[in-house]
Amino acid sequence: MEALRVEIRAMTASFRYPMFVVSYQPTYKIPPISTIYGLLSAVKGKKVSIYDVSVGYDFTSEGSGVDLERILEYGGEGKNRPVSYLGSNIVQREFLYNCTLNLYVSDLDFRKYLEKPYYSLLLGRQSDLAKIKKIDEVMLIP
249 MEALRVEIRA MTASFRYPMF VVSYQPTYKI PPISTIYGLL SAVKGKKVSI
299 YDVSVGYDFT SEGSGVDLER ILEYGGEGKN RPVSYLGSNI VQREFLYNCT
349 LNLYVSDLDF RKYLEKPYYS LLLGRQSDLA KIKKIDEVML IP
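Read in order, the letters of the sequence shown correspond to residues 249 to 390 in the numbering used here.
In structure tokens, the structure reads:
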């Protein structure tokens, strides 16, 4: 089976655990599949689902660290009250550094989107910018 092999690199990445609301935010060591399809959607400029294209991937990083991040808290909204600023909090957020994502895409026509992405690529937070370094056609053997 022919596929596109896409090498994506980023200086940092963070794949936050959902519903984890404490002062320490750990990261998954590899991106969840929702992040992969989010990347493909950003590349194409519209939603890409598991029914549109098959993917495989591997991910490496050179290590991890912990950063301090200021979180702004809003709330207090109600039927007759607008959202209001409640304050800020400092949390520790784990991140990965010097990251490489090798993405295998089954649709060879996806190359045109990968060569000129519609939106910026992110590996987590808005500051985790990623760049496509290489696109190759490869033969996958089951």
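No residue lacks a Cβ here, since even glycine has one placed at the ideal position from N, Cα and C. All values reported here derive from a predicted model rather than from experimental measurement.
- Return the chain-ordered list of same chain residues with a C-beta closer than 6 Å to the C-beta of lysine 382, the five sequence neighbours on each side being excluded. Within the sequence shown, residue 382 is the residue found at index 134, counting from 1. Only Glu255 meet the Cβ criterion.
- Count the other C-beta atoms from every protein chain shown that fall within 10 angstroms of the C-beta of isoleucine 284, then say buried if there are 16 or more, exposed otherwise. In the sequence shown, the residue the question calls residue 284 occupies position 36. Buried, by the Cβ-count rule.
- Item | Whole-angstrom distance between glycine 335 and glycine 286, CA atom to CA atom | Here residue 286 refers to the residue found at position 38 when the sequence shown is read from its first residue. Here residue 335 refers to the residue found at position 87 when the sequence shown is read from its first residue. Each residue's Cα considered, the two are about 31 Å apart.
- Query: For glutamate 342 versus proline 266, is the C-beta distance shorter than 8 Å?
  - Reply: Locating residue 342 in the sequence shown gives position 94, where the first residue counts as 1. Locating residue 266 in the sequence shown gives position 18, where the first residue counts as 1. Not in contact: glutamate 342 and proline 266 (Cβ atoms no closer than 8 Å).
- Query: Counting pairs of Cβ atoms below 8 Å between the region 287-305 and the region 314-326, do you hit three or more?
  - Reply: no
- Message: Let me make sure I understand the geometry here. Which of Val291, Phe307, Ile281 has the alpha-carbon closest to that of tyrosine 366?
- Response: Counting from one through the sequence shown, the residue named residue 366 turns up at place 118. Considering only alpha carbons, the answer is Val291.
- Closest to proline 279 by CA distance: which of Arg264, Val269, Phe268 is it? As a first step, residue 279 must be located in the sequence shown, where it is residue number 31. The shortest Cα separation from proline 279 among Arg264, Val269, Phe268 belongs to Arg264.
- How long is the line joining the alpha carbons of asparagine 346 and glutamate 310, rounded to whole angstroms? Indexing the sequence shown from 1 puts residue 346 at position 98. Indexing the sequence shown from 1 puts residue 310 at position 62. Approximately 6 Å, taken between the alpha carbons.
- Leaving out five residues on either side along the sequence, give the residues of the same chain with a beta carbon under 8 Å from the beta carbon of tyrosine 333. By 1-based counting over the sequence shown, the position of residue 333 is 85. So the list reads Leu320, Glu321, Tyr322, once near-sequence residues are dropped.
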